[in-house]
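S.K.: Numbering of the sequence shown is given in full-length UniProt numbering, commencing with residue 1 and proceeding in unit increments. Note that beta-carbon positions come from the ideal geometry of N, C-alpha and C, so glycine has one too.
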Amino acid sequence: MGPPAMAFQALTLTPVPFSLHSSSRRVRVRVLAVAADQTPPPPAVPPSEPANSPSRLLRELAQRKKAVSPKKKHPPRRFILKPPLDDERLTRRFLSSPQLSLKALPLLSSCLPSAPLSTADRTWMDEYLLEAKQALGYPLAPSETLGEGDDCPARHFDVLLYLAFQHLDPSSERTRTRHVRNGHSRLWFLGQYVLELAFCEFFLQRYPRESPGPMRERVFALIGKKVLPRWLKAASLHNLVFPYDDLDKMIRKDREPPSKAVFWALFGAIYLCFGMPEVYRVLFEAFGMDPDDESCQPKLRRQLEDVDYVSVEFEKRQLTWQDVAAYRPPPDALFAHPRLFRACVPPGMHRFRGNIWDFDSRPKVMNTLGYPLPMNDRIPEITEARNIELGLGLQLCFLHPSKHKFEHPRFCYERLEYVGQKIQDLVMAERLLMKHLDAPGRWLAEKHRRTLMNKYCGRYLRDKHLQHYIIYGETVQDRFEHNRRLRNPSTTSVQQALHGLAYCVYGKPDVRRLMFEVFDFEQVQPKAV
Numbered sequence: 001m002g003p004p005a006m007a008f009q010a011l012t013l014t015p016v017p018f019s020l021h022s023s024s025r026r027v028r029v030r031v032l033a034v035a036a037d038q039t040p041p042p043p044a045v046p047p048s049e050p051a052n053s054p055s056r057l058l059r060e061l062a063q064r065k066k067a068v069s070p071k072k073k074h075p076p077r078r079f080i081l082k083p084p085l086d087d088e089r090l091t092r093r094f095l096s097s098p099q100l101s102l103k104a105l106p107l108l109s110s111c112l113p114s115a116p117l118s119t120a121d122r123t124w125m126d127e128y129l130l131e132a133k134q135a136l137g138y139p140l141a142p143s144e145t146l147g148e149g150d151d152c153p154a155r156h157f158d159v160l161l162y163l164a165f166q167h168l169d170p171s172s173e174r175t176r177t178r179h180v181r182n183g184h185s186r187l188w189f190l191g192q193y194v195l196e197l198a199f200c201e202f203f204l205q206r207y208p209r210e211s212p213g214p215m216r217e218r219v220f221a222l223i224g225k226k227v228l229p230r231w232l233k234a235a236s237l238h239n240l241v242f243p244y245d246d247l248d249k250m251i252r253k254d255r256e257p258p259s260k261a262v263f264w265a266l267f268g269a270i271y272l273c274f275g276m277p278e279v280y281r282v283l284f285e286a287f288g289m290d291p292d293d294e295s296c297q298p299k300l301r302r303q304l305e306d307v308d309y310v311s312v313e314f315e316k317r318q319l320t321w322q323d324v325a326a327y328r329p330p331p332d333a334l335f336a337h338p339r340l341f342r343a344c345v346p347p348g349m350h351r352f353r354g355n356i357w358d359f360d361s362r363p364k365v366m367n368t369l370g371y372p373l374p375m376n377d378r379i380p381e382i383t384e385a386r387n388i389e390l391g392l393g394l395q396l397c398f399l400h401p402s403k404h405k406f407e408h409p410r411f412c413y414e415r416l417e418y419v420g421q422k423i424q425d426l427v428m429a430e431r432l433l434m435k436h437l438d439a440p441g442r443w444l445a446e447k448h449r450r451t452l453m454n455k456y457c458g459r460y461l462r463d464k465h466l467q468h469y470i471i472y473g474e475t476v477q478d479r480f481e482h483n484r485r486l487r488n489p490s491t492t493s494v495q496q497a498l499h500g501l502a503y504c505v506y507g508k509p510d511v512r513r514l515m516f517e518v519f520d521f522e523q524v525q526p527k528a529v
């Protein structure tokens, strides 16, 4: 080892007197003292270790490292706990909240803002709301003049329409206030499932022989996030969403999220105030959507030959959106949604009446699900006919595609599963909105996703031991019964098909009964170990 390296950190400028005695004269020499580095030398490197080995470098680094105190990281402001409101202020806040003003319309009141609108909100409404209502085809008069009494949903349309356009803009103080931000996000949370259900019902009735795969492609082509800015511009609403930007020159990541949020929230507001028929009108009239457009057609695929009959109302012509929106079931109809039931359950299902499953398994399934429900029918024959059709629909719910699909493409649960997925999404969204009045839309969306995960839907069905009644094809039955990776997705499909059948036969209240009373979808799931 050589001598220690000289460090010039401790330079002392103190002069040290040093005298040289000479015969002629005395000379004073000024010497600057230099201190040597007192750091102990690194330990000797073993002869077997190379000079540039990582372990040697790490050892030297550990010796020379200075102890530096880390910077304190303060928590974000939103996580700093605030003192709770005192009872008086809390009572005043609840009593002044518009969310608690409507007892007869719990879903609509849960989507109203959590605080009264401010002067800035009213200014925006006075300036821009007429333009939005004119573009959507609504009367320009204030919505408070519509109907009689606060229990009329349409009276609250102005407030909900204002919230629908208030996407989060970092440069705007008004859209960042809590009641506006949460009100807008709750509307788009509801609106996305409203749109999915509307297009599901429309395409199932418009294309009675088509499988759900091409229908999903049609829906995506019409309301995928890429095309939503185009629809807003077609309805002349883009200036309300992007008042200071040119829509055509914006990049996608700046253009698509606000367009999607406003589009979804708009249909959440329309659904709450006017119902599903008005959703169809705005989609196809105000926005001008065309299901026959070339860009909305599914990709070409090999189609299975469908030799079975469809219901008489679908044979004569293809239904339009006006037919679907204006349809009202007759007073003595068997079902809550008779035409949707006919679109999902083919007439040929009557050939399965009296088979082994109908005799042996159907009573057990109906007993587990609490069917048939008591109904007040004027004629006993209507009750009997409904129960027969319900039994055939239940058999279709348990009919796996491996059994008959290649010869009879509609003799499986696929179409009922499609409508069941959409109605269970909407029912759960409405439940969460009414249950969590203060929650923002993003939190609700995550809660919704975690509650309706596919693995949980199949688990609820298996907890009731209903998976034993699924009818598989003979060639795959052994594989499905002994392989959970194959079996579990099929139990999820059967669960969703049961929700679709309940919606078609008894309506949305029965879907709520199945989800929250029979299968208990809100039970807390244990964490995976």
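Is residue 469 closer than 8 angstroms to residue 400 when the C-beta atoms are compared?
M.R.: No, they are not a contact pair.
S.K.: Answer yes if the region 240-251 comes into contact with the region 288-296, meaning at least three C-beta pairs across the two stretches below 8 angstroms, and no otherwise.
M.R.: The region 288-296, when compared against the region 240-251, does not touch it at the 8 angstroms Cβ threshold.
S.K.: Count the other C-beta atoms from every protein chain shown that fall within 10 angstroms of the C-beta of residue 458, then say buried if there are 16 or more, exposed otherwise.
M.R.: Result: buried.
S.K.: Beta-carbon within less than 6 angstroms of residue 289's beta-carbon, same chain only, minus the 5 sequence neighbours each way: which residues are those?
M.R.: Closer than 6 angstroms at Cβ, skipping near neighbours: 222 and 283.
S.K.: Can you find at least 3 beta carbon pairs, one from the region 330-337 and one from the region 360-371, that sit closer than 8 angstroms?
M.R.: No, because fewer than three Cβ pairs between the region 330-337 and the region 360-371 fall closer than 8 angstroms, the two stretches do not touch.
S.K.: Extract the residue ranges of the alpha helix (DSSP H) inside the region 345-413, only unbroken runs of 4 or more that lie entirely within it.
M.R.: Fully enclosed alpha helix (DSSP H) runs of 4 or longer: 356-360, 362-369, 380-397 and 401-404.
S.K.: Measure from the alpha carbon of residue 389 to the alpha carbon of each residue in 356, 348 and 421, then state which is nearest.
M.R.: It is 348.
S.K.: For residue 136, tell me which candidate among 257, 270, 219 and 126 has the shortest Cα-Cα distance.
M.R.: Nearest C-alpha to residue 136: 270.
S.K.: With a floor of 4 residues, list each alpha helix (DSSP H) that falls wholly inside the region 85-119, ordered by position along the chain.
M.R.: You should have 87-96 and 106-110.
S.K.: Between which two residues does the alpha helix (DSSP H) containing residue 495 stretch?
M.R.: Run containing residue 495: 484-505, per the alpha helix (DSSP H) assignment.
S.K.: DSSP puts residue 471 in a beta bridge; with which residues?
M.R.: Its beta-bridge partners are 399.
S.K.: Is it the case that the Cβ atoms of residue 318 and residue 206 are separated by a distance below 8 angstroms?
M.R.: Taking 8 angstroms as the Cβ cut-off, residue 318 and residue 206 qualify as a contacting pair.
S.K.: Counting Cβ pairs closer than 8 angstroms, one from the region 148-168 and one from the region 397-417, do we hit at least three?
M.R.: In short, these stretches do not touch, since the Cβ pair count stays below three.
S.K.: Run through DSSP, which three-state label would residue 225 get?
M.R.: Residue 225: coil per DSSP, three-state reduction.
S.K.: Among the residues of its own chain, which have a CB less than 6 angstroms from the CB of residue 500, if the five just before and after it don't count?
M.R.: So the qualifying residues of the chain are 416, 419 and 420.
S.K.: Where does residue 521 fall in DSSP's three states?
M.R.: Reduced to three states, the DSSP call for residue 521 is coil.
S.K.: So is residue 161 buried or exposed if we call it buried at 16+ other beta carbons inside 10 Å?
M.R.: The residue is buried, with at least 16 neighbouring Cβ atoms inside 10 Å.
S.K.: Residue 322 and residue 358 - do their beta-carbons sit closer together than 8 angstroms?
M.R.: No, these two residues do not count as a Cβ contact at 8 angstroms.
S.K.: Report, in whole angstroms, the separation of the C-beta atoms of residue 186 and residue 273, which I expect to be a contact under 8 angstroms.
M.R.: Actually they are not in contact, since the Cβ atoms of residue 186 and residue 273 sit about 15 angstroms apart, beyond 8 angstroms.
S.K.: Considering residue 535, what are the terminal residues of the alpha helix (DSSP H) in which it resides?
M.R.: What is shown of the chain runs 1 to 529, which leaves residue 535 out entirely.
S.K.: Could you check the C-alpha separation between residue 307 and residue 406 for me, to the nearest Å?
M.R.: Straight-line Cα distance between these residues: approximately 11 angstroms.
S.K.: Should the region 117-136 be called in touch with the region 161-175, which here means at least 3 C-beta pairs below 8 angstroms?
M.R.: Yes, the region 117-136 is in contact with the region 161-175.
S.K.: Could you tell me which of 175, 285 and 201 sits nearest to residue 235, measuring between CA atoms?
M.R.: Ranking 175, 285 and 201 by Cα distance to residue 235 puts 285 first.
S.K.: Confirm, please, whether the CB-CB distance from residue 433 to residue 444 is below 8 angstroms.
M.R.: Taking 8 angstroms as the Cβ cut-off, residue 444 and residue 433 qualify as a contacting pair.
S.K.: Please name the residue, chosen from 202, 339 and 461, that lies closest to residue 281 on a Cα-to-Cα basis.
M.R.: It is 202 whose Cα lies nearest to the Cα of residue 281.
S.K.: Check whether the region 218-232 and the region 245-257 are in contact - that is, three or more C-beta pairs closer than 8 angstroms.
M.R.: They touch, by the three-pair rule.
S.K.: Enumerate in chain order the residues of its own chain whose CB-to-CB distance from residue 103 is below 6 angstroms, with the five nearest sequence positions on each side excluded.
M.R.: If we look at residue 103 and ignore the five residues flanking it on each side, it has no Cβ neighbours.
S.K.: With a CB to CB cut of under 6 angstroms and the five nearest residues on each side skipped, what residues in its chain are close to residue 97?
M.R.: Hits under 6 angstroms: 114.
S.K.: So residue 62 is in the alpha helix (DSSP H); what residue range does that whole segment cover?
M.R.: Its alpha helix (DSSP H) spans residues 54-64.
S.K.: Hey, how far is the Cα of residue 36 from the Cα of residue 64?
M.R.: Its pLDDT being 49, under 50, residue 36 is placed unreliably in this model, and the value from its coordinates should be taken loosely. Computed Cα separation, rounded: 16 angstroms.
S.K.: Are residue 547 and residue 267 closer than 8 angstroms when you measure CB to CB?
M.R.: In the structure as shown, the chain begins at 1 and stops at 529. Residue 547 is therefore absent and cannot be evaluated.
S.K.: Whole angstroms are fine: how far does the CA of residue 277 sit from the CA of residue 252?
M.R.: Going by the C-alpha atoms only, they are around 32 angstroms apart.
S.K.: Based on Cα-Cα distance, which residue from 174, 249, 55 and 371 lies nearest to residue 502?
M.R.: Nearest C-alpha to residue 502: 371.
S.K.: Specify the secondary structure class of residue 24 as computed by DSSP and reduced to three states.
M.R.: Any reading at residue 24 needs caution, since the residue's pLDDT is 49, under 50, leaving its predicted position unreliable; the model's value is listed next. DSSP places residue 24 in coil when its eight states are reduced to three.
S.K.: Pick helix, strand or coil for residue 476, following the three-state DSSP scheme.
M.R.: Looking at residue 476 - three-state DSSP - the assignment turns out to be coil, as it is neither helix nor strand.
S.K.: For residue 55 and residue 455, I'd like the C-alpha separation in whole angstroms.
M.R.: Their backbone Cα atoms lie some 49 angstroms apart in a straight line.
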